[in-house]
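In the working numbering, the protein residues as written are -13 to 202.
Structure first, commentary second.
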Amino acid sequence: MDVEQWLALPPLAVYLVVGVVVGVESLGVPLPGEIVLVGAALLSSRPDLGISPVWVALSALIGAVVGDSIGYALGRRYGRTLLAWLSRRFPRHFGPAHLAMAERAFARWGMLTVVVGRFIAILRIFAGPLAGVLGMPYRRFLAANVLGGLLWTVGTTTAVYFLGIVAEQWLQRFSYLGLAVALVVGLLAARVVRRRLTAALAEDGDHPTGRPAAES
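Printed below as a string of structure tokens:
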């Protein structure tokens, strides 16, 4: 969906798109949930569009919690068969290496993986189904799911919303170059954090803890 299509959508449709895309991604289908959330949050910084950042965050949170819960139920019901089907259907996202990394994350961090996984694309897709497959108690999963969803949706929406406001002021005083530099710095910082998390999991693969997620 390009910028023109976003601008043509009424606020309610934007909220629905955010909730559905984030929810389907959380269920285990690789969709650009983060991009949709960021785009909607950025639009909410423009008062002329009538899009509320509160409703953007709430829509994403509902989608995240519901989608993850459905993914958890499917993983609990179908087990490894579901992961094998996903691997065949979406090999770029559910390949053996991705699955191994996600399993190491659960072995190392347990339910904290569901919280941290909200900020990492691979874990965001895997968290619900894999938690069900590994037998994590649902109450623990739900608590981590809600906490991770809150941190991700509210944090992302708030940060992008104020970035949009600041960018508008910058563009009045400086130029698009200043905004481009700020965005590049922010993206590089996020990339460094994600690489360190991924490296930590890869290193942990050489020294497995052997502790199942359900006991965390």
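Even for Gly, the Cβ is constructed at its ideal location relative to N, Cα and C.
Would the stretch 38 to 48 and the stretch 131 to 145 be scored as touching if the rule is three or more Cβ pairs under 8 Å?
yes
Could you give the distance in angstroms between the alpha-carbon of F92 and the alpha-carbon of L98?
The C-alpha of L98 is placed about 8 Å away from the C-alpha of F92.
Residue closest to G121, alpha-carbon to alpha-carbon, out of R66, I111, A86 and A70
For G121, the nearest C-alpha among the options comes from R66.
According to the neighbour-count rule (16 or more other Cβ atoms, all chains shown, within 10 Å of its Cβ), is T144 buried or exposed?
exposed
Return the chain-ordered list of same chain residues with a C-beta closer than 6 Å to the C-beta of G9, the five sequence neighbours on each side being excluded.
G49, V52 and G53
Straight-line Cα distance separating R126 from G25:
31 Å
Between the CA atoms of L17 and E11 - distance to the nearest angstrom:
Taking C-alpha positions only, E11 is separated from L17 by approximately 5 Å.
Exposure of F160, with buried meaning 16 or more beta-carbon neighbours within 10 Å
Confidence at F160 is low in this model, with a pLDDT of 49, below 50, so its placement is unreliable and no value can be given for it.
Which value, in whole angstroms, describes the spacing of the CA atoms of L(-5) and R94?
Rounded to the nearest angstrom, the gap between the Cα atoms of L(-5) and R94 is 43 Å.
Indicate whether the contact test is met: 3 or more Cβ pairs, each with one atom in the stretch 25 to 35 and one in the stretch 108 to 120, closer than 8 Å.
In short, these stretches do not touch, since the Cβ pair count stays below three.
In the DSSP assignment, find the unbroken alpha helix (DSSP H) run with S73 in it and report its ends.
Start and end: R66 to R75.
Cα-Cα separation between A199 and G96, rounded to whole angstroms
Note that A199 has pLDDT 41, beneath the 50 cutoff, so the model's placement of it is unreliable and the number below is only indicative. A199 and G96: Cα-Cα distance of roughly 4 Å.
Selection from G5, V7 and G57 that minimises the alpha carbon distance to L116
G57
Going by the beta-carbon positions, is the gap between F76 and V15 smaller than 9 Å?
yes
Does the distance from the C-beta atom of L128 to that of S73 stay below 9 Å?
no
Rounded to whole angstroms, how far is the Cβ of L135 from the Cβ of R104, which I believe are closer than 8 Å?
Before going further, note that residue 135 is Gly rather than Leu in the sequence given. Indeed they touch by this definition, with Cβ atoms about 6 Å apart.
Please classify V3: is it buried, with 16 or more other beta-carbons within 10 angstroms of its beta-carbon, or exposed?
Burial call: buried.
Is S38 helix, strand or coil when you go by DSSP?
coil
Does the beta carbon of V42 sit closer than 9 Å to a beta carbon anywhere in chain E?
Checking the listed chains, one finds no chain E in this structure; it contains a single protein chain.
Relative to the C-alpha of R78, which candidate in R63, A107 and V146 has its C-alpha closest?
A107
With distances taken from CA atoms, which of S31, L68 and A86 is nearest Y147?
Considering only S31, L68 and A86, the residue with the shortest C-alpha distance to Y147 is S31.
Can you grab the Cα-Cα spacing for the pair I21 / L28, in whole Å?
10 Å
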